[in-house]
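For the sequence shown, the UniProt record's numbering begins at 1 and goes up steadily by one. From the three backbone atoms N, C-alpha and C, an ideal C-beta is built for every residue, glycine too. Since the model is a prediction, treat every value here as computed from it, not as a measurement.
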Amino acid sequence: MYAQDKVVNLALGCFLPLKSLGEEGLSEEERLDLLPSIREKAASLQHSAYERTVKKTWVKEERELPRAYGKGGPVRVLIHKPIGSTRSDLPMIVWGHGGGLNIGDHKDSNGAGLLQMVTKDDGPQFCWASVDYRLVPEVKLPEPSDDMVSAYLSLSNKDLAQEFGYSVQKMGFGGMSAGALLVGHAASVLGKMGRGPKFFAGLYPMVDPTMDTESHELYGDLDAMPGVWLRECWRWALEDEQEHEVSEQRLKEGSLLHADFRSLAGTRALILVGDYDPLHDEGVKLGEVLVKAGLKVEVMSVCGTHCIAHMCDAEGAKKMCQWLRETLSV
């Protein structure tokens, strides 16, 4: 593991004590009391970095898009257009942020930083829309993924596409960690509608609530992605509100390993995993599921930990950016 990766992990663990949310012996009330302060800390870390990154490359505009799928009100997004672009045919990435389904919002510095890497060295221009999906435990799955579906359908409006300069024929999904989980489910739903995305990029994907893999055993204590917190994330997302338990049926409904991707056969897909990521093994399994469903899949491994590896492994980052550049240029 790169020294930079270790330092970032340690710093994140000190600043954002996610392990405290999964601490043994805490009551549910105590966990819920801790959550707002952790969300606030995460926002203070993300928002300023997001603003610094975005202003170098994109003009952004926040919109509330009408509900086009599922229950609830409008879905808030930040739409990003390349500075100075006059084109009307740019690709569009509909983006899902990370945060275990219970932290974070559409001002996502991790996503902005990664996508900015793609634009460097004469990389392709593109638009991206970061979705402010609803968080658990205030809602349960599939409501956050329904927000992704709804945002995608609303962004498919030709008038909106013309306003921002992207093509509805060049729309795809990208997401990191929990965001990758949501865009995976959303892509499956849209495929069954006959509205499947042109591409799908799942980076360090959160995949399966059983967390029954060797990589969870080996790397589940890492500060940036503690396993005790992740178990609470899944529980909040899937539990029955009356019995406070997660049924076998809900485990299957939450897992991307049980989603139906057959309607997306032929779609280009990228699964990026970190060598020292507790989610490594389930990301690899997701790649196998997508291959079996007929997608054109590349499973790519980078040397490092969850959501950090691509910032430290220069060769891995180069390969990731090359896949995204080729996909956005098709």
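query: DSSP beta-bridge partners for His-80?
result: Beta-bridge analysis with DSSP links His-80 to Lys-60, Trp-128.
field: Span separating the alpha-carbon of residue 335 from that of Val-59
entry: The first residue shown for the chain is 1 and the last is 330, placing residue 335 beyond what the model contains.
message: Which of the three DSSP states is assigned to Met-311 in this structure?
response: When secondary structure is reduced to three states using DSSP, Met-311 falls in the helix class.
query: Taking DSSP as the reference, what is the three-state secondary structure of Leu-115?
result: Secondary structure at Leu-115: helix, using DSSP grouped into helix, strand and coil.
- prompt: What does DSSP give as the partner residues of Gly-175 in its beta bridges?
  reply: Gly-96, Gly-202, per the DSSP bridge assignment.
task: Kindly list the residues whose CB is nearer than 6 Å to the CB of Gly-191, restricted to its own chain and excluding five residues on each side of it in sequence; keep chain order.
output: Here the set comprises Ser-263, Leu-264.
field: DSSP beta-bridge partners of Leu-328
entry: In DSSP, Leu-328 forms no bridge with anything.
query: Tell me, which residues are paired with Met-300 by DSSP?
result: Within the DSSP secondary-structure output, Met-300 pairs in a beta bridge with Leu-272.
- request: Please go through the same chain and pick out, in chain order, the residues whose beta-carbon is closer than 6 Å to the beta-carbon of Gly-13, but skip the five residues on each side of it.
  value: Cβ within range, chain order: Asp-223.
task: Report the option in Leu-101, Ala-42, Gly-84 whose CA atom is closest to the CA atom of Ala-11.
output: The shortest C-alpha separation from Ala-11 is found at Ala-42.
query: For Glu-232, is the classification buried or exposed, using 16 other Cβ atoms within 10 angstroms of its Cβ as the cut-off for buried?
result: Buried, by the Cβ-count rule.
- prompt: Can you name the start and end residues of the alpha helix (DSSP H) that Arg-195 belongs to?
  reply: Counting along the chain, Arg-195 falls outside any alpha helix (DSSP H), and DSSP gives it neither H nor E.
message: Tell me which residue opens and which closes the alpha helix (DSSP H) that Thr-213 is part of.
response: Taken as a continuous stretch (DSSP letters only), Thr-213 belongs to no alpha helix (DSSP H), as it is neither H nor E.
- request: Give the DSSP-derived three-state secondary structure of Pro-144 in the structure shown.
  value: Looking at Pro-144 - three-state DSSP - the assignment turns out to be helix.
task: Identify whether Val-75 lies in helix, strand or coil by the three-state DSSP scheme.
output: Taken through DSSP and simplified to helix, strand or coil, Val-75 comes out as strand.
message: Run through the DSSP bridge pairs and tell me what Leu-65 is partnered with.
response: In the DSSP assignment, the residues bridged to Leu-65 are Val-75.
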